[in-house]
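> In case it helps, numbering that gives the first Met the number 0 puts the sequence shown at residues 0 to 547.
Structure incoming, see below.
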Amino acid sequence: MVKKKYKVDLAGDGALKAAQLLGDRDGKWAEVWNRFADAPQGYPGVVSALRAGKPEGMIALHPDSWPQDNDEDEAAALAAVGGMVSAPVADVRSRLAKLRTDHADRLGGVWAKLGQTPAAALIVRLAELADLTGTIGVGSDVGGGADDYARSGWRTDQAFLSVLSALELGHPSAPSVERVAESLYRPWLEATVDQFQSAWIANPPVGHDPGLVVNETAGTCALFVDGLRFDVAAGLAEALVSRGLPTDLQWGFAGVPTVTATCKPAVSPVASFLSSGPELAPTTPAGGLVNQESLKRTMSDHGWSFISEDAVGDPAGRGWTEGGDIDALGHSFGVKLAHQLPDQIRQLATRISELLNAGWQRVVVVTDHGWLLLPSQLPKHSLPEHLAVVRKGRCARLNEAIQPPAGVIRLPWRWNDDVQIALAPGIHAFEAGKVYEHGGLSPQESVVPRMVVTKGSVGQPLALAIDYMWVGLTLKVEALMAPAGCSVDIRGRANDGSTSLATAPKPLRDGKVRLMVDDVHQGQAAVIVIVNEQNTLLANVATLIPEG
0 MVKKKYKVDL AGDGALKAAQ LLGDRDGKWA EVWNRFADAP QGYPGVVSAL RAGKPEGMIA
60 LHPDSWPQDN DEDEAAALAA VGGMVSAPVA DVRSRLAKLR TDHADRLGGV WAKLGQTPAA
120 ALIVRLAELA DLTGTIGVGS DVGGGADDYA RSGWRTDQAF LSVLSALELG HPSAPSVERV
180 AESLYRPWLE ATVDQFQSAW IANPPVGHDP GLVVNETAGT CALFVDGLRF DVAAGLAEAL
240 VSRGLPTDLQ WGFAGVPTVT ATCKPAVSPV ASFLSSGPEL APTTPAGGLV NQESLKRTMS
300 DHGWSFISED AVGDPAGRGW TEGGDIDALG HSFGVKLAHQ LPDQIRQLAT RISELLNAGW
360 QRVVVVTDHG WLLLPSQLPK HSLPEHLAVV RKGRCARLNE AIQPPAGVIR LPWRWNDDVQ
420 IALAPGIHAF EAGKVYEHGG LSPQESVVPR MVVTKGSVGQ PLALAIDYMW VGLTLKVEAL
480 MAPAGCSVDI RGRANDGSTS LATAPKPLRD GKVRLMVDDV HQGQAAVIVI VNEQNTLLAN
540 VATLIPEG
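Written out as structure tokens, the structure reads:
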């Protein structure tokens with residue numbers, strides 16, 4: 000039967016002949032290829048067979064069939080990026096446009112599904128960065144410029160981080176990628192920051208920090224995230240919407256300077272009760288310096304409970320909790336932060352869902368500041384320490400009656416207009432060696448998000464994300480936000496339990512489960528479902544059972 004239908008004798012011709020025919024996709028083998036291409040992760044042995052089965056000395060009918068051809072394309076893409084390291088920016092843009100045309104189609108093929116086309120993805124991301132850095136947002140004033148940034152300018156920062164994370168950590172081509180990406184991004188960043196600073200100095204904005212008020216609606220839980228830059232917040236908002244959570248992403252101006260000591264108290268619900276302090280932090284009504292413990296006490300005095308990261312609190316009241324490690328990771332790991340942001344977003348989305356599931360009516364996400372990140376380090380601008388009460392990477396509190404050096408920006412402090420804050424000009428820092436830093440004046444640091452997240456429609460469950468992977472005929476499922484008591488099944492029809500194809504449905508344990516199917520179902524279309532204890536369908540996703 001196999002010999003007649005597929006023109007191969009497995010016993011006599013062997014697996015390599017079958018692999019050659021599969022790669023050529025002639026006749027019935029085209030159907031076999033399509034089945035493999037739909038879910039290649041389920042056929043781990045096929046890739047090695049294709050690598051060994053490619054005919055030598057012949058022009059391939061389908062070059063994308065063979066893993067070694069994909070390897071060559073990947074190597075060529077990385078070599079092309081390496082060749083742009085010292086090229087003029089205009090030349091880099093034109094080369095990337097052509098490379099995108101050459102490599103973009105590879106992202107829809109088998110090797111992309113198997114995660115073997117990172118260089119192709121890199122080319123597309125670099126080309127997108129080239130497109131975005133070709134335009135500088137222009138606002139008539141600082142408010143208009145900030146609005147431009149919050150509407151679309153943040154996408155350039157996001158694209159830059161996407162390029163930095165395109166290759167795995169430690170990849171030998173990573174330094175070349177950083178240099179090419181920075182050749183596109185840095186001129187855009189410098190122009191954007193210079194324009195923003197000029198607009199701010201000419202006509203400083205007035206208004207309140209994008210935080211909370213003491214009498215927020217009962218059932219409100221604030222989630223403070225240190226260093227939640229606007230582009231990262233936009234990614235978080237997208238993740239929340241994909242879970243079915245209504246999300247309103249707004250923006251406002253951070254205080255001056257953009258450091259935690261100044262700006263975290265400013266977005267707290269008790270900001271109106273705080274006053275000037277001796278360095279960069281305000282003081283409490285009792286006269287003590289605002290720190291974590293005194294901020295907790297002050298909030299408690301005004302009806303706000305502090306909720307630890309492993310608790311959900313009382314949703315009948317008002318709560319303040321904290322999450323995320325973005326700022327700490329940035330200071331510790333610099334460029335590597337780009338690789339860690341997706342996990343930060345996932346953790347924050349999970350925490351917000353947890354709070355809403357616990358009964359909170361709304362979660363208000365606030366932050367203190369954003370940040371700048373540049374692999375080659377921010378350039379240094381001198382500000383001698385003896386001129387300042389305290390000096391940070393991009394800011395300082397000046398001693399009284401001190402005139403800062405030429406070029407240094409001087410603005411009033413958020414907590415006391417009589418206190419002068421020195422800010423580094425442009426993208427400079429007052430300290431050398433800074434890859435990641437904040438404290439200055441820029442859209443990236445000063446235009447900060449305020450996000451209000453609420454539950455979906457009454458009676459409608461929160462959307463569940465189902466992650467899964469086939470290993471042979473074993474299905475691994477992960478659904479971390481599924482309610483307690485849920486089970487997973489593999490069915491022919493989502494709403495019909497009698498069409499189960501699994502050896503047995505299984506309950507989720509810590510959001511994870513493994514199921515198996517009998518080999519008689521190989522190649523069959525199916526649906527992975529999550530049901531609750533009442534057998535109500537909560538989520539489903541289509542799949543194709545691989546051939547073992």
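We treat Cβ as the ideally placed atom computed from N, Cα and C, and that holds for glycine.
May I have the straight-line CA-CA distance separating Ser486 from Thr542, to the nearest angstrom?
In the sequence shown, residue 486 corresponds to position 487, counting from 1. In the sequence shown, residue 542 corresponds to position 543, counting from 1. C-alpha separation (whole angstroms): 17 Å.
> Looking at the secondary structure, which residues open and close the alpha helix (DSSP H) in which Trp187 lies?
Locating residue 187 in the sequence shown gives position 188, counting from the first residue. Taken as a continuous stretch (DSSP letters only), the alpha helix (DSSP H) holding Trp187 covers 173-201.
> Taking Cβ to Cβ, would you say Asp367 is nearer than 9 Å to Gln343?
One-based indexing of the sequence shown puts residue 367 at position 368. One-based indexing of the sequence shown puts residue 343 at position 344. No, the Cβ-Cβ distance between Asp367 and Gln343 is not below 9 Å.
> Going by beta-carbon coordinates alone, are Gly322 and Phe223 separated by less than 9 Å?
Here residue 322 corresponds to residue number 323 of the sequence shown, with the count starting at 1. Here residue 223 corresponds to residue number 224 of the sequence shown, with the count starting at 1. Yes. Within cutoff.
> For the putative contact between Asn534 and Ala493, defined by C-beta atoms under 8 Å, what is the C-beta separation to the nearest angstrom?
The residue given as residue 534 occupies position 535 in the sequence shown. The residue given as residue 493 occupies position 494 in the sequence shown. Rounded, the Cβ-Cβ distance is 12 Å, inconsistent with contact.
> Thinking just about the alpha-carbon of each residue, which of Asp72, Pro424, Asp225 is nearest to the one in Leu106?
Position 107 of the sequence shown, counting from 1, holds the residue named residue 106. Closest by alpha carbon: Asp72.
> Measuring only the C-alpha atoms, how far is Pro548 from Gly358?
Outside the shown range of the chain (0 to 547) lies residue 548, about which nothing can therefore be said.
> With a CB to CB cut of under 8 Å and the five nearest residues on each side skipped, what residues in its chain are close to Ala111?
Along the sequence shown, read from residue 1 onward, the residue named residue 111 stands at position 112. The residues are Arg105, Ala119, Ala120.
> Any idea if Lys454 is buried or exposed, counting beta-carbon neighbours within 10 angstroms, 16 or more meaning buried?
Position 455 of the sequence shown, counted from the start, is the residue given in the question as residue 454. Label assigned to Lys454: buried.
> So what does DSSP say about Asn356, is it helix, strand or coil?
The residue labelled residue 356 in the question sits at position 357 within the sequence shown. Helix.
> Measure the alpha-carbon distance for Ala165 versus Lys335 and round it to whole angstroms.
Here residue 165 refers to the residue found at position 166 of the sequence shown. Here residue 335 refers to the residue found at position 336 of the sequence shown. Whole-angstrom Cα-Cα distance: 11 Å.
> What does the Cβ neighbour count give for Leu288, buried or exposed, with the cut at 16 atoms within 10 Å?
As a working mapping, residue 288 is identified with position 289 in the sequence shown. Under this definition Leu288 is an exposed residue.
> Would you please state the rounded distance, in angstroms, between the beta carbons of Trp414 and Ser275? I believe it to be under 8 Å.
On the sequence shown, residue 414 is found 415 positions in, with the first residue counted as 1. On the sequence shown, residue 275 is found 276 positions in, with the first residue counted as 1. Contact flag correct, Cβ pair sits at about 5 Å.
> Could you give the residue range of the alpha helix (DSSP H) that holds Pro43?
As a position in the sequence shown, residue 43 is number 44, starting the count at 1. Per DSSP, Pro43 belongs to the alpha helix (DSSP H) from 43-52.
> Could you pull the DSSP bridge partners for Asp247 from this structure?
Within the sequence shown, numbered from 1, the residue matching residue 247 stands at position 248. In the DSSP output, where bridge partners are listed per residue, Asp247 has Val451.
> Examine the Cβ distances between the stretch 257-269 and the stretch 194-213 and report whether three or more of them are shorter than 8 Å.
Touching, per the Cβ criterion.
> Assuming Leu382 and Pro404 make a contact with CB atoms under 8 Å, what is their CB distance in whole Å?
One-based indexing of the sequence shown puts residue 382 at position 383. One-based indexing of the sequence shown puts residue 404 at position 405. Rounded, the Cβ-Cβ distance is 6 Å, consistent with contact.
> Buried or exposed: His385, going by 16 or more other Cβ atoms within 10 Å of its Cβ?
Position 386 of the sequence shown holds residue 385. Result: exposed.
> Rounding to the nearest angstrom, what Cα-Cα distance links Arg24 and Phe35 in this structure?
Walking along the sequence shown from the start, residue 24 turns up at place 25. Walking along the sequence shown from the start, residue 35 turns up at place 36. Near 11 Å, if we compare the C-alpha coordinates of Phe35 and Arg24.
> With a threshold of 7 Å on Cβ separation, who are the neighbours of Pro62 within its own chain once the five nearest residues in sequence on each side are excluded?
For the purposes of this step, residue 62 is taken as the residue at position 63 of the sequence shown. Counting only Cβ-Cβ distances below 7 Å, and skipping sequence neighbours, we find Asp68.
> In the DSSP assignment, what residue or residues form a beta bridge with Pro411?
Position 412 of the sequence shown holds residue 411. According to DSSP, which records beta bridges pairwise, Pro411 is partnered with Gln419.
> Check whether the stretch 150-161 and the stretch 127-136 touch, using three or more Cβ-Cβ pairs below 8 Å as the test.
Result yes; three or more Cβ-Cβ pairs closer than 8 Å.
> Assign Thr473 to one of two classes, buried (16 or more other C-beta atoms within 10 Å of its C-beta) or exposed (fewer than that).
Residue mapping note: residue 473 aligns to position 474 of the sequence shown, counting from 1. Thr473 should be labelled exposed.
> Rounded to the nearest angstrom, how far is the Cβ of Val308 from that of Thr320, given a contact under 8 Å?
As a first step, residue 308 must be located in the sequence shown, where it is residue number 309. As a first step, residue 320 must be located in the sequence shown, where it is residue number 321. According to the sequence shown, residue 308 is Glu rather than Val. Right, the Cβ-Cβ distance comes to about 7 Å (below 8 Å), so this counts as a contact.
> With respect to the beta strand (DSSP E) encompassing Leu537, which residues constitute its N-terminal and C-terminal limits?
As a first step, residue 537 must be located in the sequence shown, where it is residue number 538. Run containing Leu537: 536-543, per the beta strand (DSSP E) assignment.
> Would you kindly report the start and end of the unbroken alpha helix (DSSP H) that includes Trp303?
Translated into the one-based positions of the sequence shown, residue 303 becomes position 304. From DSSP, Trp303 is part of no alpha helix (DSSP H); its letter is neither H nor E.
> Quick check: the Cα distance between Phe332 and Pro341, rounded to an integer number of angstroms?
What you label residue 332 is simply residue 333 of the sequence shown in a count that begins at 1. What you label residue 341 is simply residue 342 of the sequence shown in a count that begins at 1. The straight-line gap from Cα to Cα measures roughly 15 Å.
> Does the distance from the CB of Val516 to the CB of Ala501 come in under 9 Å?
In the sequence shown, residue 516 corresponds to position 517, counting from 1. In the sequence shown, residue 501 corresponds to position 502, counting from 1. Yes, these two residues count as a Cβ contact at 9 Å.
> Please report how far the alpha carbon of Ser556 lies from the alpha carbon of Gly439, in whole angstroms.
Because the chain spans 0 through 547 in this model, residue 556 falls outside it and cannot be assessed.
> Rounded to whole angstroms, how far is the Cβ of Leu125 from the Cβ of Ala180, which I believe are closer than 8 Å?
Stepping through the sequence shown from its first residue, residue 125 is reached at position 126. Stepping through the sequence shown from its first residue, residue 180 is reached at position 181. Contact holds; Cβ gap of about 7 Å.
> Can you tell me whether DSSP reads Phe223 as helix, strand or coil?
Along the sequence shown, read from residue 1 onward, the residue named residue 223 stands at position 224. Phe223: strand per DSSP, three-state reduction.
> Check whether the Cβ atoms of Ala428 and Ile408 lie closer than 9 Å to each other.
By 1-based counting over the sequence shown, the position of residue 428 is 429. By 1-based counting over the sequence shown, the position of residue 408 is 409. Not closer than 9 Å, so no.
> From which residue to which residue does the alpha helix (DSSP H) around Ala232 run?
Residue numbering aside, residue 232 sits at position 233 when the sequence shown is read from its first letter. Start and end: 229-241.
> If you check the beta carbons only, do Val550 and Leu373 fall under 9 Å apart?
Outside the modelled stretch of the chain, which goes from 0 to 547, sits residue 550, for which no answer is possible.
> Can you tell me whether Ser441 is helix, strand or coil according to DSSP?
Sequence index remark: in the sequence shown, residue 441 carries index 442 (1-based). Three-state DSSP puts Ser441 in coil, outside helix and strand.
> Considering only C-alpha positions, which residue in the set Arg513, Gly484, Pro442, Pro506 is nearest to Val627?
Past the boundaries of the shown model lies residue 627; the chain is included only from 0 to 547, so the question cannot be answered.
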